[in-house]
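Read the structure below first, then the notes.
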Amino acid sequence: MRELLTSFDGRIARGQFWLGVLVLVIAAIVIAIIVGIVLGDNLFGRIVMLLVSLALLYPAIALTVKRLADRDKPPMPRVAIFFLPGLLLSVLDAFQIGYRAMPPGMGGPGMMPGNFVLALGLISMIVTIWAVIELGLLKGDAGANRYGPAPG
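With this note's numbering applied, the sequence shown has no gaps in its numbers, which climb one by one up to 903 at the end.
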């Protein structure tokens with residue numbers, strides 16, 4: 752498991768990719784619940800969650816690079832395209848940049864995302880769908896390719 756989440760070398764099949772994704776999603780959910788209970792939804796809690804997201808970025812990129820290798824695709828620019836919109840969205844959310852005060856009658860005081868943040872969220876969702884198809888659904892090369900032998 753450590754090799755799966757930390758190494759950028761070689762190729763992984765779809766099953767290994769989904770196993771790694773499952774581990775990362777479970778870790779993110781458990782940590783988010785703990786941070787939410789202990790710190791709540793305030794600036795410090797949002798910054799802690801941003802730091803958790805950044806820590807989980809390394810293994811997520813490792814999975815992505817190896818899955819792209821299995822499909823004989825160079826990691827750049829796809830890795831940047833797959834991760835930058837969500838990363839930018841996380842930073843904006845942590846510091847509530849691009850948010851505006853909620854109008855009266857919409858559920859009380861608070862902040863809501865502005866148009867730029869909503870547009871970035873839509874872009875992030877579209878890129879995520881592309882990444883799921885590219886990394887999680889499409890088959891890799893059957894035989895050896897420039898990134899190594901087929902995963903076995």
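We treat Cβ as the ideally placed atom computed from N, Cα and C, and that holds for glycine. What you are looking at is a predicted structure, and each value in this text was computed from that prediction instead of being measured.
Go through its chain and collect everything with a Cβ distance to residue i's Cβ below 8 Å, but skip five positions before and after it.
i	result
Met-853	Gly-859, Pro-860, Gly-861, Met-862, Met-863
Leu-840	Val-868, Leu-871, Gly-872, Ser-875
Val-799	Val-786, Leu-790
Among the residues of its own chain, which have a CB less than 7 Å from the CB of residue i, if the five just before and after it don't count?
i	result
Asp-844	Arg-797
Ala-882	Phe-833
Leu-801	Ser-841, Val-842, Ala-845
Arg-765	Gly-887
Where do the ends of the alpha helix (DSSP H) carrying residue i lie?
i	result
Tyr-809	794-821
Ala-783	765-790
Arg-829	829-846
Arg-753	753-757
Hey, quick one: how far does the beta strand (DSSP E) through residue i stretch, first residue to last?
i	result
Met-862	862-864
Arg-851	850-852
With distance defined between alpha-carbon atoms, name the residue in the options nearest to residue i.
i	options	result
Phe-768	Leu-838, Ile-812, Phe-846, Asn-866	Ile-812
Asn-866	Val-878, Gly-856, Gly-849, Pro-855	Gly-849
Trp-877	Arg-762, Gly-837, Leu-756, Ile-763	As written in the sequence, residue 877 is Ile, which differs from the Trp given in the question. Ranking the options by Cα distance to Ile-877, first place goes to Gly-837.
Val-781	Gly-761, Val-803, Asn-793	Val-803
Within the same chain, show all residues whose beta-carbon is closer than 6 Å to that of residue i, passing over the 5 residues directly before and after it, in chain order.
i	result
Val-816	Phe-759, Pro-826
Gly-891	Asp-821, Arg-822
Are residue i and residue j close, meaning C-beta to C-beta below 8 Å?
i	j	result
Leu-814	Gly-787	no
Arg-762	Pro-902	yes
Given 8 Å, three or more beta-carbon pairs between the region 892-900 and the region 814-824 | The region 892-900 is in contact with the region 814-824.
Can we say the region 874-891 touches the region 832-840, given the rule of at least three CB pairs closer than 8 Å?
-> Yes, the region 874-891 touches the region 832-840.
Assess, as a yes-or-no matter, whether the region 795-812 is touched by the region 775-784 under the definition of 3 or more beta carbon pairs within less than 8 Å.
-> The region 775-784, when compared against the region 795-812, does touch it at the 8 Å Cβ threshold.
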